[in-house]
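Below is one structure; the comments refer to it alone.
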Amino acid sequence: MFDSLTSSFKSVIGKIRYQDDTKALTNAIGELKKSLLKYDVHHKTTKELCERVELKTKQNGIGQDSFLKALRESLSEILVVKGNQGFVYSGTSPLTTILMTGLQGSGKTTTTGKLANYLKLRNKKVLIAAGDLQRLAAVEQLKQIGAQIGVEVFFDDSEKDPINIVKKAKQKAIDGLYDVLLVDTAGRLAIDEELMVQLKNIKDTVNPTEIFYVADSLTGHDATKTAITFQEKIGIDGVILTKFDGDTKGGVALSLSHQTKVPLRFVGVGEKMENLEVFIPDRIVSRLMGAGDIEGLAEKTSLLIDDKKAKEVTKKIKKGEFNFNDFLEQLEMIKKLGSMKSIIGMIPGMSGMASQIKDMDFDNSVELKRIKALIGSMTLKERENPDLLNPSRKKRISKGSGLSEVQVNKILKQFHNASKMAKKMSSKGGMKDMQRMMSQMNAQGMPQIPR
Ligand SMILES: Nc1nc2c(ncn2[C@@H]2O[C@H](COP(=O)(O)OP(=O)(O)O)[C@@H](O)[C@H]2O)c(=O)[nH]1
Ligand SMILES: [Mg+2]
0 MFDSLTSSFK
10 SVIGKIRYQD
20 DTKALTNAIG
30 ELKKSLLKYD
40 VHHKTTKELC
50 ERVELKTKQN
60 GIGQDSFLKA
70 LRESLSEILV
80 VKGNQGFVYS
90 GTSPLTTILM
100 TGLQGSGKTT
110 TTGKLANYLK
120 LRNKKVLIAA
130 GDLQRLAAVE
140 QLKQIGAQIG
150 VEVFFDDSEK
160 DPINIVKKAK
170 QKAIDGLYDV
180 LLVDTAGRLA
190 IDEELMVQLK
200 NIKDTVNPTE
210 IFYVADSLTG
220 HDATKTAITF
230 QEKIGIDGVI
240 LTKFDGDTKG
250 GVALSLSHQT
260 KVPLRFVGVG
270 EKMENLEVFI
280 PDRIVSRLMG
290 AGDIEGLAEK
300 TSLLIDDKKA
310 KEVTKKIKKG
320 EFNFNDFLEQ
330 LEMIKKLGSM
340 KSIIGMIPGM
350 SGMASQIKDM
360 DFDNSVELKR
370 IKALIGSMTL
380 KERENPDLLN
390 PSRKKRISKG
400 SGLSEVQVNK
410 ILKQFHNASK
420 MAKKMSSKGG
430 MKDMQRMMSQ
440 MNAQGMPQIP
450 R
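Rendered as structure tokens:
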């Protein structure tokens, strides 16, 4: 998520020896300042961060350890502002109402869907209100998103006034004992008075628990500026930064809260519904320092993997009994976890890898389609026991799947190797092997399968 920043921190830290002098510290701070600015951290935040790091390092004696500690603490201080973190349910009402605001194209509607999906995975009953009547296709877009993630969308084609829509939606959410109501609204290309008035009216009508401002990270410093304006004009409780997957700099996320005094709550990292990451400052600091985010990873996986199943799979892998059915199941699970890149970045020591890994598109990957076709042509017995696959069975599978025999053999061999590797990895010291293997792997991130 913060590959560029993380590697520049590493290089800065490398400028200071175990014990060092003021000159070395000045050099390192200069370097730190340059890279923060280069990666779009706001200049005021940059200045303050550098001053803090310098002061703290001096207080503890100049050296690599104290510099590291100073950087970690200062980053944390810069990222934490007053307000909630992640998603917070209303403390006073059974229904939590969130008003989604932002400029047109910032990703409001997509993010509304992502949040609904996030809450649904946590077993919440969610209703989305289609409050954008400005764009013709807006309601249709929400309906499609709702159908895709299995969340109800409230709309009323006979209504022309968004105020009435959100009023009705709120009533429905209360009567239907929903946990959360997410209100999507119309945006404008730029901030204008009419938009602000409409948003204020919607705000007064739904009386939201919190107002989220959705900002496009690709607009750079403008994301911070518009957030400040929204904060002044209607008041916001959290910011969601979208399209972070396309932002190679990442610094906006570092200074946004510091400049707006509103906490950054979530980050959008792709177009898919699962591409939403909760932004918890302490965890982000760990990731920035290249230490990984074990809690975030554990939280993600625990939602999707039940413990018993995970143990079963581990046992199978250890015994070398991992089969094609397990493989399909794992594939589905990984798909739900979101992007490969974001997962790798959360594993301690692996954050550097993330930039080398091309994200896999699980729905459109030719490789995975082939593997699925191959598995689809196997009998249930063969899936459970890949050892059964003799030449005549392989021939049959080749015909059934439309793959050549060479392709079939290659995939089977790769599966065999992967299963061997998994077995090895699950043994003691396996993680080291894994890291070595990853560093040898090419940018593709997956073994190549011939076309
Ligand atoms: N790559 C990427 N695209 C996003 C993200 N969030 C939204 N988008 C895309 O941005 C475009 C505008 O999003 P939309 O939700 O319609 O914006 P709205 O006008 O604010 O409702 C769509 O093409 C989305 O797929 C994100 O986190 N990453
Ligand atoms: Mg929209």
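According to numbering that gives the first Met the number 0, the sequence shown is numbered sequentially starting from 0.
Where a beta carbon is used, it is the ideal one built from N, C-alpha and C, also for glycine.
Quiz item: DSSP state of Gly250, grouped into three classes?
Solution: Locating residue 250 in the sequence shown gives position 251, where the first residue counts as 1. It is helical.
Quiz item: In chain order, what residues of the same chain lie with their CB nearer than 6 Å to the CB of Gln18, ignoring the 5 residues before and after it?
Solution: For the purposes of this step, residue 18 is identified with residue 19 of the sequence shown, where counting begins at 1. If we look at Gln18 and ignore the five residues flanking it on each side, its Cβ neighbours are Gly62.
Quiz item: Taking the runs of the alpha helix (DSSP H) that are 4 residues or longer, which of them lie wholly in the segment 238-282?
Solution: 250-259
Quiz prompt | Closer than 6 Å: Ala137 CB and nearest ligand 2 heavy atom | solution = By one-based count along the sequence shown, residue 137 stands at place 138. It does: the Cβ of Ala137 is within 6 Å (strictly closer) of some heavy atom of ligand 2.
Self-check item: C-beta neighbour in chain D for Leu36, strict 7 Å
Solution: In summary, chain D is missing from the structure at hand, where a single protein chain is found.
Self-check item: Any 3 or more C-beta pairs closer than 8 Å across the segment 384-391 and the segment 275-288
Solution: Judged by Cβ distances under 8 Å, the segment 384-391 makes no contact with the segment 275-288, as fewer than three pairs qualify.
Self-check item: Those runs of the alpha helix (DSSP H) which lie wholly inside the segment 375-409 and span at least 4 residues
Solution: Those alpha helix (DSSP H) runs which fall completely within the segment 375-409 and span 4+ residues are 379-383, 390-400.
Quiz item: If you compare alpha carbons, which of Asp215, Glu366, Ile233, Gln147 is closest to Asp203?
Solution: Taking the sequence shown and counting its residues from 1, the one referred to as residue 203 is at position 204. Ranking Asp215, Glu366, Ile233, Gln147 by Cα distance to Asp203 puts Ile233 first.
Exercise. Tell me the start and end of each unbroken beta strand (DSSP E) in the segment 75-132 that is at least 3 residues and wholly inside, in chain order.
Key: 95-101, 125-130
Quiz item: Looking only at its own chain, which residues have a Cβ that is under 6 Å from the Cβ of Val11, when we skip the five neighbours before and after it?
Solution: Taking the sequence shown and counting its residues from 1, the one referred to as residue 11 is at position 12. Hits under 6 Å: Ala27, Glu30, Leu31.
Quiz prompt | Start-to-end residues for the alpha helix (DSSP H) that takes in Ala137 | solution = As a working note, residue 137 is residue 138 in the sequence shown. Counting along the chain, the alpha helix (DSSP H) containing Ala137 begins and ends at 137-148.
Exercise. Please find out if some non-hydrogen atom of ligand 1 comes closer than 6 Å to the beta-carbon of Thr108.
Key: One-based indexing of the sequence shown puts residue 108 at position 109. It does: the Cβ of Thr108 is within 6 Å (strictly closer) of some heavy atom of ligand 1.
Self-check item: Val40, DSSP secondary structure in three states
Solution: As a working note, residue 40 is residue 41 in the sequence shown. Reduced to three states, the DSSP call for Val40 is coil.
Quiz item: If you follow the beta strand (DSSP E) that Leu194 is part of, which residue opens it and which one closes it?
Solution: For the purposes of this step, residue 194 is identified with residue 195 of the sequence shown, where counting begins at 1. Not the beta strand (DSSP E): Leu194 falls in the alpha helix (DSSP H), residues 192-205.
Exercise. Give the secondary structure of Phe211 by DSSP, where H, G and I count as helix, E and B as strand, and everything else as coil.
Key: Taking the sequence shown and counting its residues from 1, one reaches residue 211 at position 212. In the displayed model, Phe211 falls within a strand according to three-state DSSP.
Exercise. Starting from Glu151, follow the alpha helix (DSSP H) in both directions and report where the run begins and ends.
Key: For this step, residue 151 is matched to residue 152 along the sequence shown. Careful: Glu151 lies outside any alpha helix (DSSP H), inside the beta strand (DSSP E) at 151-153.
Quiz prompt | Rounded Cβ spacing between Leu126 and Lys171 (contact assumed at less than 8 Å) | solution = Walking along the sequence shown from the start, residue 126 turns up at place 127. Walking along the sequence shown from the start, residue 171 turns up at place 172. With a Cβ gap of about 7 Å, Leu126 and Lys171 count as contacting.
Exercise. Helix, strand or coil for Asp160, going by three-state DSSP, please let me know.
Key: Taking the first residue of the sequence shown as position 1, residue 160 is located at position 161. Note: Asp160 maps to coil in three-state DSSP.
Quiz prompt | Where Thr247 falls, given that 16 or more other Cβ within 10 Å makes a residue buried | solution = The residue labelled residue 247 in the question sits at position 248 within the sequence shown. That one is exposed.
Quiz prompt | Nearest-angstrom Cα separation, counted from Pro93 out to Lys119 | solution = Within the sequence shown, numbered from 1, the residue matching residue 119 stands at position 120. Within the sequence shown, numbered from 1, the residue matching residue 93 stands at position 94. In a straight line, the C-alpha of Lys119 is about 16 Å away from that of Pro93.
Practice problem: Starting from Asp236, follow its DSSP beta bridges and name the residues at the other end. | Solution: Here residue 236 is taken as the residue at index 237 of the sequence shown, counted from 1. Beta-bridge pairing links Asp236 to no other residue.
Exercise. For Asp19, name the three-state secondary structure that DSSP assigns.
Key: What you label residue 19 is simply residue 20 of the sequence shown in a count that begins at 1. In the structure shown, Asp19 sits in coil (DSSP, three-state: anything other than H, G, I, E or B).
Exercise. Grab me the residues of Lys394's own chain with a C-beta within less than 7 Å of its C-beta, minus the 5 sequence neighbours each way, in chain order.
Key: Translated into the one-based positions of the sequence shown, residue 394 becomes position 395. Within the same chain, Lys394 has close Cβ partners Glu404.
Exercise. With a 10 Å radius around its C-beta and 16 neighbouring C-beta atoms as the bar for buried, classify Glu53 as buried or exposed.
Key: Residue mapping note: residue 53 aligns to position 54 of the sequence shown, counting from 1. For Glu53, the number of other beta carbons within 10 angstroms of its own is at least 16, and it is reported as buried.
Exercise. Please go through the same chain and pick out, in chain order, the residues whose beta-carbon is closer than 7 Å to the beta-carbon of Ser451, but skip the five residues on each side of it.
Key: Here the chain covers residues 0 to 450 and nothing more, so residue 451 does not appear.
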